[in-house]
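The next block holds one structure in the form of structure tokens; read it before the comments.
In our numbering, the protein residues as written are 114 to 242.
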């Protein structure tokens with residue numbers, strides 16, 4: 114996969130992460146308390162699937178697969194050739210796909226991720242109007 118797509122995966126993942134955290138805050142929750150970041154309990158570092166679940170965002174099976182893959186790009190695949198921990202390099206099966214490389218994401222999954230991002234940002238925009 115071209116390096117530019119890896120970086121795009123990382124940036125798209127960050128954008129989705131911000132949108133999910135925005136929805137979390139819209140629900141009356143806090144990310145910061147007394148000037149300190151408190152995060153979202155029950156979520157791992159940059160784990161988009163856990164964030165979506167905690168924010169109560171309904172996701173399809175395809176979107177859940179994409180969130181799992183994008184989390185990898187946020188943590189390392191968009192920036193570094195290898196992960197900090199060997200277990201993070203284990204192949205991940207993408208339903209209906211032949212490739213399982215951890216740093217691979219088919220173009221149709223990028224389309225799915227972009228659609229999810231549009232859906233999340235429309236929730237945020239509706240609240241701001």
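Here a beta-carbon is modelled for each residue, glycine too, at the ideal position from N, C-alpha and C.
Remember, it's a predicted structure, so these values are computed and weren't measured experimentally.
Quiz prompt | As assigned by DSSP and simplified to three states, the class of residue 199 | solution = helix
Quiz item: When the distance is taken between beta carbons, is residue 159 closer than 8 Å to residue 182?
Solution: no
Quiz item: Going by the CB atoms, is the gap between residue 133 and residue 170 shorter than 8 Å?
Solution: yes
Exercise. Give the DSSP bridge partners of residue 146, in chain order.
Key: 149
Quiz item: In the structure shown, what three-state DSSP assignment does residue 235 receive?
Solution: helix
Quiz prompt | Rounded straight-line distance, which links the Cα of residue 184 to that of residue 138 | solution = 20 Å
Quiz item: If you run the structure through DSSP and keep just helix, strand and coil, what is residue 168?
Solution: coil
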